[in-house]
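Chemist: Here it is, the structure in full.
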Amino acid sequence: MCGIVGVVGTRDVVPLLVDGLKRLEYRGYDSAGVATLVKSGALERRRAEGKIVNLQARLQEEPLQGLIGIAHTRWATHGAPNESNAHPHATERVALVHNGIIENYRELGEELLAKGHKFQSQTDTEVAVRLIDQYLIEGLKPEDAVKTALGRLRGAFALAILFHGETDLLIGARRGAPLAVGFGNGEMYLGSDALALAPLTDKIAYLDEGDWVVLSRDGARFFDADDKPVQRAVRPTAISGAMIGKGNYRHYMLKEIYEQPAVMGDTINTMVSPTDRWVHLPDLGIDLAKISRITIVACGTSYYSGLVAKYWLERYARIGVEVDVASEFRYREAPVDPNSLSIFISQSGETADTLAAMRYVKQNGGRTLVIVNVPESSMAREADGVLPTKAGPEIGVASTKAFTCQLVTLAAFSLAVARARKALSEAESAKLMAALMEVPAHAAEVLNHDEDLQALAEKIMDARDVLYIGRGPCYPLALEGALKLKEISYIHAEGYAAGELKHGPIALIDEQVPVIVIAPSDSLFEKTISNMQEVMARGGKVIFMSDKAGLAHVDERTFATVVLPQVEPFVAPILYAIPVQLLAYHVAVLKGTDVDQPRNLAKSVTVE
Ligand code: F6R
1 MCGIVGVVGT
11 RDVVPLLVDG
21 LKRLEYRGYD
31 SAGVATLVKS
41 GALERRRAEG
51 KIVNLQARLQ
61 EEPLQGLIGI
71 AHTRWATHGA
81 PNESNAHPHA
91 TERVALVHNG
101 IIENYRELGE
111 ELLAKGHKFQ
121 SQTDTEVAVR
131 LIDQYLIEGL
141 KPEDAVKTAL
151 GRLRGAFALA
161 ILFHGETDLL
171 IGARRGAPLA
181 VGFGNGEMYL
191 GSDALALAPL
201 TDKIAYLDEG
211 DWVVLSRDGA
221 RFFDADDKPV
231 QRAVRPTAIS
241 GAMIGKGNYR
251 HYMLKEIYEQ
261 PAVMGDTINT
271 MVSPTDRWVH
281 LPDLGIDLAK
291 ISRITIVACG
301 TSYYSGLVAK
311 YWLERYARIG
321 VEVDVASEFR
331 YREAPVDPNS
341 LSIFISQSGE
351 TADTLAAMRY
361 VKQNGGRTLV
371 IVNVPESSMA
381 READGVLPTK
391 AGPEIGVAST
401 KAFTCQLVTL
411 AAFSLAVARA
421 RKALSEAESA
431 KLMAALMEVP
441 AHAAEVLNHD
451 EDLQALAEKI
461 MDARDVLYIG
471 RGPCYPLALE
481 GALKLKEISY
491 IHAEGYAAGE
501 LKHGPIALID
511 EQVPVIVIAP
521 SDSLFEKTIS
531 NMQEVMARGG
541 KVIFMSDKAG
551 LAHVDERTFA
561 TVVLPQVEPF
571 VAPILYAIPV
581 QLLAYHVAVL
591 KGTDVDQPRN
601 LAKSVTVE
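In the UniProt record's numbering, the protein residues as written are 1 to 608.
The structure is reproduced here in structure tokens:
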């Protein structure tokens, strides 16, 4: 979603700001802009609709310089994605960039209109800049004007603010949307995440909820939500500029798909000891033997990893599990049982609905565990317990490696719960653990079929609709396959539980509709095969993903097959994620879509 960069520098900051914006491109955006204080002390800005290259072209036409500046990529919420709605928003006295939504913008807007302000955009953001401006007009100093304005804004936001004539002052604020402060050599930075600042500094401090910060070239002064001066820890960040390159890959998504064997291995290694080959969870402050129930809450692809975990936890650990999408859970006023455990899954750790759902459970006395990929994220910092995934920065908007790392984490966690509850024999646990430890090697084997999947993509790229079906823990993989295809290739796709097909969706099937059947040879295999027969009997084009034993069941009516390694069924859903990712990727490339930044999508969804 929107991205913020700010620099109080000792050199021309425009190239640094634009470079920072490029690092935030992965979050998804539809316009971009930059503002600086020019030599005279006046605020100047350049903005452009669309991609950052358009902003660069604007800067070529009309160059901008300055030793202090702010920049922004906007993902439209209020007002169309055009130049006049692009940030920074500014008056003569103040310029500001904003992530999030200001909820009371109407009420504040009316008050400001009555005071003679003339609005130039359709955004909620403009009220924030005009409110600060109003306090400056009334004679408050910049710091006091911001402090007073923050007290009146409702909603979720991160802000970076620049003032006319103040060549050594940049103010940031955080409420509901993350903001990081970077410490450089005689320079200071603001960024909506550490990635934006990666080439500039590895010394980062994060604002806590409600904090605001005053930056000058020689450091930062932090204030908490009650405006009291506070210290915030400055930590070295492990993110380097090199980690976020595309290497020799054409797209980040492809690079991230190929990283899966390595990052799944890293994730397993953080939990499983090579000596006793068993899961050692960090202290979660929870007795896994005594929990009554598990609730899993997440969004999108992370929700699907939670759905797979439901099958694992119920079957192997014999514990009841409920899984819900965060945007529904948070408003359902669900009762929170103090003896249950609530798990929140998120790549970014900042998804607004998942974060709000987690806070709801905490406020209602429940215990929270997060499975999260960004260790400095809000969820990681606020939860009772954290299981970190080690996927590394995920830049492609479509989640791939974060998903499979969530799955290996949840698989190991399920085995730990099973052991704590004595639900599995030693021998059975050891067999499943051995299978999990072999997943990275099998994942590398699956990647060897990339060319076959590319050839298959050519056969389905012209389809209008594609269906995915699976059973048991492979049903969520059908959902994930459909989501991947629709989000990056814009082909309509749906995932169904294979047994559900005949209750309605089978009406969609004709000779034009590819149906991707995800069917490892497990205890549900024969049932899935029956459903596949039902599809073929109606002329559907079946693409059958299975292992060698499963493929023995295909007949000449099968449109295409994809062969996967023969593995213990427990780990099959993890491996079957890879062909569905690759298929969606190749279809999107053939269709010429923007694979890494698909239209309308944002990487980190920080608004509800
Ligand atoms: C799909 C995708 C999204 C995210 C969802 C949750 O490819 O990436 O559906 O999974 O927005 O994001 P996180 O995991 O950051 O909470």
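For glycine and all other residues, C-beta sits at the position ideal for the given N, C-alpha and C.
Here the structure is a predicted model, which means the values were calculated and not measured.
#1: Within 8 Å, do at least three Cβ pairs link the segment 243-255 to the segment 572-590?
#2: Do Val391 and the ligand F6R come close, with the Cβ less than 7 Å from some heavy atom?
#3: Where does Asn85 land, buried or exposed, given buried means 16+ other C-beta within 10 angstroms?
#4: Roughly how many whole angstroms lie between the Cα atoms of Val8 and Leu169?
#5: May I ask which residues mark the beginning and end of the alpha helix (DSSP H) holding Glu61?
#6: So, is Asp547 buried or exposed, given that buried needs 16 or more other C-beta atoms within 10 angstroms?
#7: Which of the three DSSP states is assigned to His449 in this structure?
#8: Tell me the DSSP secondary structure of Ser521 in three-state form.
#9: What residues in its chain sit with their C-beta under 6 Å from that of Glu187, if we drop five residues either side in the sequence?
#10: Does DSSP put Ala180 in a helix, a strand or coil?
#11: Which residue marks the beginning of the alpha helix (DSSP H) containing Val127, and which one marks its end?
#12: Going by DSSP, what residues sit across from Met545 in a beta bridge?
#13: Going by DSSP in three states, His251 sits in which element: helix, strand or coil?
#14: What would DSSP say about Pro388, mapped onto helix, strand or coil?
#15: Less than 7 Å between the CB of Gln347 and some heavy atom of the ligand F6R, yes or no?
#16: Could you say if the segment 49-66 and the segment 420-428 meet the contact criterion of at least three C-beta pairs nearer than 8 Å?
#17: Can you look up Phe222 in the DSSP assignment and give me helix, strand or coil?
#18: Using only the alpha-carbon positions, how far apart do Leu212 and Met379 sit?
#19: Taking 7 Å as the cut-off, is the beta-carbon of Val397 closer than that to any non-hydrogen atom of the ligand F6R?
#20: Could you check how far apart the C-beta atoms of Arg471 and Gly499 are, in whole angstroms? I think they sit under 8 Å.
#21: Give me the Cα-Cα distance between Lys203 and Gly6, rounded to the nearest whole angstrom.
#22: Express the C-alpha separation of His98 and Leu407 in angstroms, rounding to a whole number.
#23: At a cut of 8 Å, does the segment 454-470 reach the segment 508-521 through at least three beta carbon pairs?
#24: Rounded to the nearest angstrom, what separates Trp75 and Gly191 at their Cα positions?
#25: Give me the Cα-Cα distance between Gly66 and Tyr189, rounded to the nearest whole angstrom.
#26: Do Thr389 and Cys299 have their beta-carbon atoms positioned less than 8 Å apart in this structure?
#27: Can you tell me the Cα-Cα spacing of Ser216 and Phe570, whole angstroms?
#28: If we require 3 or more residues per run, which beta strand (DSSP E) segments fall completely within the UniProt domain "SIS" (284-423)?
#29: Just how far apart, CA to CA, sit Glu480 and Leu112?
#30: Let's test the definition: count the other Cβ atoms within 10 Å of the Cβ of Asn600 and tell me whether it reaches 16, buried, or not, exposed.
#31: With respect to the beta strand (DSSP E) encompassing Asn99, which residues constitute its N-terminal and C-terminal limits?
#32: Please return the same chain residues whose Cβ sits closer than 7 Å to the Cβ of Tyr490, not counting the five positions on each side in sequence.
#33: Nearest CA to the CA of Arg330: which residue from Ala356, Gly306, Pro338 and Ser292?
#34: In the structure shown, what three-state DSSP assignment does Glu534 receive?
#35: If you draw a straight line from the C-alpha of Val567 to the C-alpha of Leu24, how long is it?
#36: Give me, in chain order, the residues of the same chain whose beta-carbon lies closer than 6 Å to that of Lys603; leave out the 5 immediate sequence neighbours on both sides.
Modeler: Inspection of the coordinates gives the following:
#1: yes
#2: Sequence check: residue 391 is Ala here, not Val. No, the Cβ of Ala391 stays beyond 7 Å of every heavy atom of the ligand F6R.
#3: buried
#4: 7 Å
#5: Ile52 to Glu61
#6: buried
#7: coil
#8: In the structure shown, Ser521 sits in coil (DSSP, three-state: anything other than H, G, I, E or B).
#9: The residues Gly9 and Thr10, in chain order, have a CB closer than 6 Å to that of Glu187 in the same chain once the five nearest residues on each side in sequence are set aside.
#10: strand
#11: Thr125 to Ile137
#12: Ile518 and Val562
#13: coil
#14: strand
#15: Because some heavy atom of the ligand F6R lies under 7 Å away, the Cβ of Gln347 counts as near it: yes.
#16: The segment 49-66 and the segment 420-428 do not touch, with fewer than 3 CB-CB distances between them shorter than 8 Å.
#17: strand
#18: The sequence given here places Trp at residue 212; Leu does not occur at that position. Those two C-alpha atoms are separated by around 19 Å.
#19: yes
#20: 7 Å
#21: Approximately 15 Å between the Cα atoms of the pair.
#22: 34 Å
#23: yes
#24: 16 Å
#25: When rounded, the separation of the alpha-carbon atoms in Gly66 and Tyr189 is 14 Å.
#26: no
#27: 55 Å
#28: Scanning the UniProt domain "SIS" (284-423) for uninterrupted beta strand (DSSP E) segments of 3 residues or longer gives 294-298, 321-325, 341-346, 367-372 and 385-388, listed from N- to C-terminal end.
#29: 47 Å
#30: By the Cβ neighbour-count rule, Asn600 is exposed, with fewer than 16 other Cβ atoms within 10 Å of its own.
#31: Val94 to Ile102
#32: Thr593
#33: Ala356
#34: helix
#35: 39 Å
#36: Hits under 6 Å: Tyr26, Arg27, Gly28 and Val397.
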